[in-house]
Amino acid sequence: MATGTNRESGLRRGAASRGTNQTGVRLYNERLVLSLIRRHGELPKADIARMTGLSPQTISIITNALEADGLLLRGNPLRGKVGQPLVPYSLNPEGALSFGLKIGRRSVDLYLINFTGQILKLLHKTYPYPTPDSIRRFAREGFESLVADLPTRLVARIAGVGIAAPYEMWTWHEEIGAPKAEIDAWRQVDVRAMIGALCNWPVYFANDITAACAAELMFGIGGEHADYLYVFIGSFIGGGLVLNGHLFPGRTQNAGALGSMPAQDPGHAAGGSRTTQLMNVASIYTLERKLIAQGRSPDILWQSPDDWGDDLGPVLDDWIEEVAVSLAYSIVAAIAVIDVGTVLIDGAFPSHVRERIIARTEAAIARINQQGLSHFRLLPGSIGNAARAMGGASLPLLANFTQDREVLFKDNA
């Protein structure tokens, strides 16, 4: 049986056994079918033909091939309608697996997910700051641990490793309190090559928030919206952009870099003259600094992103208000340029914190003059802290099984 992975590298044994050639058109159509089924959950051949404009015979050939490759599952016939019963097809969860390695400024995660985005296994580790040696050791031991008791048939279906990490890891060392000499070691490191040397799978790389945006598009509510601006608040705030149902990475894979947008420095709000960047106001590291200034440990922010406890008190209230006010101006400015109708907001924090940030941001936006702009709405993201690691894991799946391959991986695969 074909593994169903790395479909462009000659490893698709099932295709060879059928005596067919993998042409560009065939590959595009297969990706189109897989993408439609992922978006809708399940579809019969007749609906796929209608949606794609391809002939029923062509769709039959494609779905039969994808089923033979183990990528699709044939469902029970839908009876009760006139004519032949319709047979729905859905993604096979075991059709492909992938690793997601999120390298953050305060923690690292390694996820193993299946074709439908279910997290099979994960590892999480915190640190004061990342170093190449610590990440290399974590990844090597993590790969060994996560595949140790994995059935051979599933190991054969691992499509690759996706790395989600900030660009230029050596920057902002002062903000995270890291020794410049140690962080500068990242200047000499090719992260993809470093991880590639530890495994035999293809390795992909994307900016961590672009990857998080990809996870929301593939596995979250992003697929329900044709266009949206994505906001993720982690150690540093960042963003992503989806247009016409596809990731829009931009000229340098850095579209949606909200953290670099200008913002008013809350420490100089009275004078109204000093500006900073949004990341210096609306990022979790600024909450960390507030806690440290009060003599309190910020460890819970990184050790338990989904549960910060109930005792952060007024310091959390102040931080949320600062985030909301600054973020509101950035969102309105972005909407004036890209004219999307939806903004998804998520982050490495508990869901109740996300809800409060959205509510306060909506209140702040209501105070801004929006004359000439179309209506837009704020919605919560659906993945939360896991979005960046899930995004990393989505990269091999995007590269091998979706139409976003040509958009996101022109200079990456």
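According to our numbering, the stretch in the sequence shown is residues 1 to 413, in order.
Glycine included, every Cβ here is placed at the ideal spot set by N, Cα and C.
Roughly how many whole angstroms lie between the Cα atoms of N21 and G238? Position 21 of the sequence shown, counted from the start, is the residue given in the question as residue 21. Position 238 of the sequence shown, counted from the start, is the residue given in the question as residue 238. Only weak support exists for where N21 lies, its pLDDT of 40 falling under 50; the value from the coordinates is given anyway. Between N21 and G238, the C-alpha separation is close to 42 Å.
Span separating the alpha-carbon of T52 from that of L32: Working through the sequence shown from its first residue, we reach residue 52 at position 52. Working through the sequence shown from its first residue, we reach residue 32 at position 32. The straight-line gap from Cα to Cα measures roughly 8 Å.
N207 by DSSP, collapsed to three states: which one? Here residue 207 corresponds to residue number 207 of the sequence shown, with the count starting at 1. If DSSP states are grouped into helix, strand and coil, N207 belongs with the strands.
Can you check DSSP and say which residues form a bridge with P380? Within the sequence shown, the letter at position 380 stands for residue 380. DSSP links P380 through a beta bridge to I345.
List the endpoints of the continuous beta strand (DSSP E) containing H225. By one-based count along the sequence shown, residue 225 stands at place 225. H225 -> no beta strand (DSSP E), and no H or E assigned at all.
Got a sec? Which residues, its chain only, sit under 7 Å from R187 by beta carbon, not counting five neighbours each side? In the sequence shown, residue 187 corresponds to position 187, counting from 1. So the qualifying residues of the chain are W170.
What three-state label does DSSP hand R105 in the structure shown? One-based indexing of the sequence shown puts residue 105 at position 105. The answer is coil: DSSP assigns R105 none of H, G, I, E or B.
A15 versus A214 - alpha carbon distance: In the sequence shown, the residue the question calls residue 15 occupies position 15. In the sequence shown, the residue the question calls residue 214 occupies position 214. Low confidence applies here, because A15 scores a pLDDT of 31, under 50, leaving its location unreliable and the question unanswered by this model.
Y127 in three-state terms, based on DSSP: The residue given as residue 127 occupies position 127 in the sequence shown. Here Y127 sits in coil by DSSP.
Our contact map puts S98 next to G162 with C-beta atoms below 8 Å; I'd like the distance itself, whole angstroms only. Taking the sequence shown and counting its residues from 1, one reaches residue 98 at position 98. Taking the sequence shown and counting its residues from 1, one reaches residue 162 at position 162. So it is a contact: roughly 6 Å between Cβ atoms.
Euclidean distance between Cα positions of R417 and V343: Any property of residue 417 remains undetermined from this structure, which presents the chain solely from 1 to 413.
Does the beta-carbon of T394 have 16 or more other beta-carbons within 10 angstroms, so that it is buried, or is it exposed? The residue labelled residue 394 in the question sits at position 394 within the sequence shown. According to the sequence displayed, residue 394 carries Ser and not Thr. The residue is buried, with at least 16 neighbouring Cβ atoms inside 10 Å.
Let me know the secondary structure DSSP gives L122 once reduced to three states. Here residue 122 refers to the residue found at position 122 when the sequence shown is read from its first residue. Strand.
If we count the other Cβ atoms within 10 Å of its Cβ and call it buried at 16 or more, is D317 buried or exposed? Numbered from 1 along the sequence shown, position 317 holds the residue referred to as residue 317. Flag for D317 reads exposed.
Limits of the beta strand (DSSP E) - the one that E288 falls within: Translated into the one-based positions of the sequence shown, residue 288 becomes position 288. That residue, E288, is in no beta strand (DSSP E); its alpha helix (DSSP H) goes 284 to 293.
Below 6 Å CB to CB, which residues in the same chain sit around G392 once its five sequence neighbours on both sides are set aside? By 1-based counting over the sequence shown, the position of residue 392 is 392. Excluding sequence positions up to five before and after G392, its CB lies within less than 6 Å of the CB of G100, L101, K102, G162, I163, A164, A211, all in the same chain and listed in chain order.
Buried versus exposed, by CB contacts within 10 Å (16 or more), A255: Within the sequence shown, the letter at position 255 stands for residue 255. Classification for A255: buried.
Same chain, Cβ closer than 7 Å to W302, neighbours up to 5 away in sequence not counted: Counting from one through the sequence shown, the residue named residue 302 turns up at place 302. If we look at W302 and ignore the five residues flanking it on each side, its Cβ neighbours are R106, S107, T126.
In terms of residues, what are the limits of the beta strand (DSSP E) holding I237? Position 237 of the sequence shown holds residue 237. Element bounds for I237: 237 to 243.
In the DSSP output, which residue or residues are listed as bridge partners for L73? Position 73 of the sequence shown holds residue 73. DSSP output for L73 lists S90 as bridge partner(s).
Presumed contact (8 Å Cβ cut-off) between L110 and L122, rounded CB distance: Locating residue 110 in the sequence shown gives position 110, where the first residue counts as 1. Locating residue 122 in the sequence shown gives position 122, where the first residue counts as 1. Taking the Cβ atoms as the reference, L110 lies roughly 7 Å from L122, within the contact range of under 8 Å.
Cβ neighbours of S134 in the same chain (closer than 7 Å, five flanking residues each side left out): Counting from 1 along the sequence shown, the entry for residue 134 is found at position 134. Hits under 7 Å: Y127.
What does the alpha-carbon distance come out to for the pair I365 and Q371? In the sequence shown, counting from the first residue as 1, residue 365 sits at position 365. In the sequence shown, counting from the first residue as 1, residue 371 sits at position 371. The alpha-carbon atoms of I365 and Q371 are separated by roughly 12 Å.
Does DSSP put F138 in a helix, a strand or coil? Here residue 138 refers to the residue found at position 138 of the sequence shown. In the displayed model, F138 falls within a helix according to three-state DSSP.
Presumed contact (8 Å Cβ cut-off) between P350 and D307, rounded CB distance: In the sequence shown, the residue the question calls residue 350 occupies position 350. In the sequence shown, the residue the question calls residue 307 occupies position 307. 6 Å between Cβ atoms; contact.
Based on DSSP bridge pairs, tell me the residues matched to G100. Here residue 100 corresponds to residue number 100 of the sequence shown, with the count starting at 1. G100 is bridged by DSSP to Y111, G162.
Under the rule that 16 or more other beta-carbon atoms within 10 Å means buried, what is F401, buried or exposed? Against the sequence shown, residue 401 aligns to sequence position 401. Residue burial is scored here from C-beta neighbours: F401 has at least 16 other C-beta atoms within 10 angstroms and is therefore classed as buried.
Report the residue from I233, G240, Q294 whose alpha carbon sits nearest the alpha carbon of V340. Taking the first residue of the sequence shown as 1, we reach residue 340 at position 340. The shortest Cα separation from V340 among I233, G240, Q294 belongs to G240.
Return the residue from the list P77, I62, N76 that minimises the CA-CA distance to G70. Counted from its first residue, the sequence shown places residue 70 at position 70. Nearest of P77, I62, N76 to G70, Cα basis: I62.
Between which two residues does the alpha helix (DSSP H) harbouring Q303 extend? The residue labelled residue 303 in the question sits at position 303 within the sequence shown. Residues 299 to 303.
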